[in-house]
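Okay, so here's the structure we're looking at.
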Amino acid sequence: MALAEQLQRWSEQPQNLERYRFQIFHQPGDFLRFVDREQHQIDCLILQDTPDLATVFDRLQEHATMLPAVVLFDESTDFCALYLNATRYLAIDSLSQLDGAIDEAMSKFLAIAAEPPTAESPVAAIAVTSSLLLQQRRLADKLKQRLGDWGLYYKRNPRTFFKQLDRDERQVLLQQLKNEYSEIVLQYFTESHGLNERIDLFVNQAFFADVPVDAIVQLHMELMDEFSKQLKLEGRSEEILLDYRLTLIDTLAHLCEMYRRSHPQS
Numbered sequence: 006m007a008l009a010e011q012l013q014r015w016s017e018q019p020q021n022l023e024r025y026r027f028q029i030f031h032q033p034g035d036f037l038r039f040v041d042r043e044q045h046q047i048d049c050l051i052l053q054d055t056p057d058l059a060t061v062f063d064r065l066q067e068h069a070t071m072l073p074a075v076v077l078f079d080e081s082t083d084f085c086a087l088y089l090n091a092t093r094y095l096a097i098d099s100l101s102q103l104d105g106a107i108d109e110a111m112s113k114f115l116a117i118a119a120e121p122p123t124a125e126s127p128v129a130a131i132a133v134t135s136s137l138l139l140q141q142r143r144l145a146d147k148l149k150q151r152l153g154d155w156g157l158y159y160k161r162n163p164r165t166f167f168k169q170l171d172r173d174e175r176q177v178l179l180q181q182l183k184n185e186y187s188e189i190v191l192q193y194f195t196e197s198h199g200l201n202e203r204i205d206l207f208v209n210q211a212f213f214a215d216v217p218v219d220a221i222v223q224l225h226m227e228l229m230d231e232f233s234k235q236l237k238l239e240g241r242s243e244e245i246l247l248d249y250r251l252t253l254i255d256t257l258a259h260l261c262e263m264y265r266r267s268h269p270q271s
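By this note's numbering, the letter at position 233 of the sequence shown is numbered 238, and the numbering carries on one by one without gaps.
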C-alpha cells in the first residue's frame, strides 16, 4: 500500500478525525509552494525520507521556514536527511505511533532555544532566528501551552547586532526591513489576516539585530517620502500619509514589548 494511502487511512480513524487535518502532496514543488503560502497555519510537517528530501529541507532553510517535522523512513534505506534538531524520525512500519511522534516533534520544537541552524551570513541568521521564534510563539499559543522562561528565547547573539555588521551587511538588512515594512504599511488599513504575523516578523528581526529605534523611524520617514512623491505624480493628496503614523506607533509598541519581555522579571 502506498504511504499516502496509509496516511489517509490513519487520518480517517475516529480518534484522529477531530484532532488532525491533513494536506497530502505528491510533488516537492507543490508542497513547497503550499508551505511558503500557509506556513503560519501549519503545526507540523510529515515527510517521507526520499532522495528529494535533502533538497526540500535546503529550500525550507533558505526561506527561513522553521516548523516541527516528522520524517517517515523505510528501514531498508539510509537517506535520513537533516533539518532541525527537533525533527522526529519514525519508521513507516510504526505508523500507528504517528500521533505520539507529532506530539514529540512539536514539544521538541517549542524547546529549541534561540540557536537556529547555522546561516551563511549574520543577516540570514537574524531572519532564521526571527522565523523560529514566531513559529514557536504561534504554535505555543495555539496549543494553549506556556513557552516557559521567556528569557531563554530572547538570548540574542551580539555578533549579529546591527552595530557589529559591516557596511554592506547593514544595507542588506535595512533594505530587507524596508521591504517588509512597506508591505505592513500597504496592508495596515486593510482586512489582511496576515498583518499581525508580518508585524511580528519585522519586529523580531529588528529585535534580534538590535536595530536602533531611530533607524526604524528613519526607515518609516524614507518610505513616507517615497509614497509622497508617488502621490504627487498621481495628483493625489498627501494627507492620507498622516494616518500611517499609527503604523509606526504600533510597530514600535510591539518592539518595546519585545524588550520588556526580554528582561528577567524582578
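In this text, a Cβ means the ideal position worked out from N, Cα and C, and glycines have one as well. No experiment lies behind these values; they were computed from the predicted model shown.
Straight through space, the alpha carbons of residue 36 and residue 30 are spaced by roughly 6 Å. When the five nearest sequence neighbours on each side are left out, the beta carbons in the same chain lying within less than 7 Å of the beta carbon of residue 16 are those of 25 and 27, in order along the chain.
The residues 45, in chain order, have a CB closer than 7 Å to that of residue 143 in the same chain once the five nearest residues on each side in sequence are set aside. By the criterion of a C-beta distance shorter than 7 Å, residue 11 is surrounded in its chain by 100, once the five residues flanking it on both sides are discounted.
The three-state secondary structure of residue 53, taken from DSSP, is strand. In this structure, residue 211 lies away from residue 204, with their beta-carbon atoms at least 8 Å apart. Rounded to the nearest whole angstrom, the CA to CA distance from residue 8 to residue 70 is 25 Å. Taking all protein chains in view, the Cβ of residue 201 is surrounded by fewer than 16 other Cβ atoms within 10 Å, so the residue is classified as exposed.
The DSSP-derived three-state label of residue 94 is strand.
Residue 78 is bridged by DSSP to 96. In this structure, the straight-line span from the alpha carbon of residue 103 to that of residue 38 is close to 25 Å.
Rounded to whole angstroms, the Cβ separation of residue 140 and residue 72 is 6 Å, and the two are in contact under 8 Å. DSSP, read as helix, strand or coil, puts residue 112 in helix. Between the C-alpha atoms of residue 162 and residue 14 there is a straight-line separation of about 45 Å.
DSSP places residue 228 in the helix class (H, G or I) of the three-state scheme. Going by beta carbons, residue 110 and residue 92 fall inside the 8 Å limit.
For residue 167, the CB contacts under 8 Å within the same chain, skipping 5 residues up- and downstream, are 175, 178, 214, 215, 216, 217 and 220 in chain order. A contact is defined here as three or more CB-CB pairs under 8 Å, and the segment 235-242 fails this definition with respect to the segment 185-199. In terms of Cβ geometry, residue 165 and residue 208 do not form a close pair [threshold 8 Å]. The beta carbons of residue 226 and residue 246 sit no closer together than 8 Å. With contacts defined as CB atoms closer than 8 Å, residue 97 and residue 78 qualify as a contacting pair. Residue 24 sits in coil when the DSSP states are folded into three classes, being neither helix nor strand.
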